[in-house]
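All remarks here apply to the structure that follows.
Below, the structure written as structure tokens:
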């Protein structure tokens, strides 16, 4: 069974690599985004990826999280068009009255992602929701998570890590999210 999660970030709130890291630094312990060669902290986060992933260092280990980025077009945000994976996430948002516009950026996380990868992945999604107006969508349940739901995203991150090693308490976050 495949598990997919999406985050949709408003175009006018799209962060730089450095601003995502700053939010992670303020709220988590042990998650560092890795800036690919040729990019800087000022570059847009969507360009700060390698292949189909976002590289991080988490708990001292290098991890490549399976994530893809897509800037939405007018055709993409038409809830009547069922032409790609973004459709599920967009329908959930439209049904809940959450605006989605052309230019917004959709991030997909799923596929080959392991429990170890989900942990920092959900913390990145929490950072995007907390500081950059993202809505995180679980199309399997129809749940949408926004800024007020960051604690739930952090709990999901801890639960995913617990599946791997049973040490949930070691991966709780510090600061406002803790």
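Numbering (the working numbering), first residue to last: 1 to 178.
Note that CB positions come from ideal geometry on N, CA and C, so glycine has one too.
None of these values were measured; they are calculated from a predicted model.
Exposed unless 16 or more other CB atoms sit within 10 angstroms - verdict on residue i
i	result
residue 61	exposed
residue 21	buried
residue 124	buried
residue 139	buried
residue 75	exposed
Own chain residues within Cβ distance below 6 Å of residue i, not counting five before or after
i	result
residue 41	17, 18
residue 107	7, 67, 69
residue 38	none
residue 157	119, 122, 123
residue 134	7, 9, 128
Integer Cβ distance of residue i from residue j, believed to fall under 8 Å
i	j	result
residue 153	residue 137	Not quite, the Cβ-Cβ distance comes to about 11 Å (not below 8 Å), so this is no contact.
residue 93	residue 7	The Cβ separation is near 11 Å, so there is no contact.
residue 5	residue 160	Not really, about 11 Å apart at Cβ, beyond 8 Å.
residue 77	residue 96	Contact flag wrong, Cβ pair sits at about 15 Å.
8 Å CB neighbourhood of residue i in its chain, flanking five on each side removed
i	result
residue 117	63, 64, 65, 66
residue 105	8, 9, 11, 14, 46, 69, 70, 71, 72
residue 81	75, 87
Through-space distance from residue j to residue i, alpha-carbon basis
i	j	result
residue 103	residue 131	18 Å
residue 148	residue 27	15 Å
residue 98	residue 88	14 Å
residue 90	residue 44	23 Å
residue 145	residue 155	12 Å
residue 151	residue 36	29 Å
residue 3	residue 25	27 Å
Close-in-space but distant-in-sequence residues of the same chain around residue i (CB under 7 Å, 5 per side omitted)
i	result
residue 30	58, 59
residue 56	31, 32, 33, 34, 63, 65, 120
residue 23	127, 130, 131
residue 142	92
residue 53	64, 65, 66, 67
Within the segment 116-151, note down every full beta strand (DSSP E) run reaching 3 residues or more, in order along the chain. 135-138, 143-145
Complete beta strand (DSSP E) runs within the segment 18-58 (minimum length 3 residues, chain order): 31-33, 53-58
Contained alpha helix (DSSP H) runs [length at least 4] in the segment 64-93, N- to C-terminal order: none
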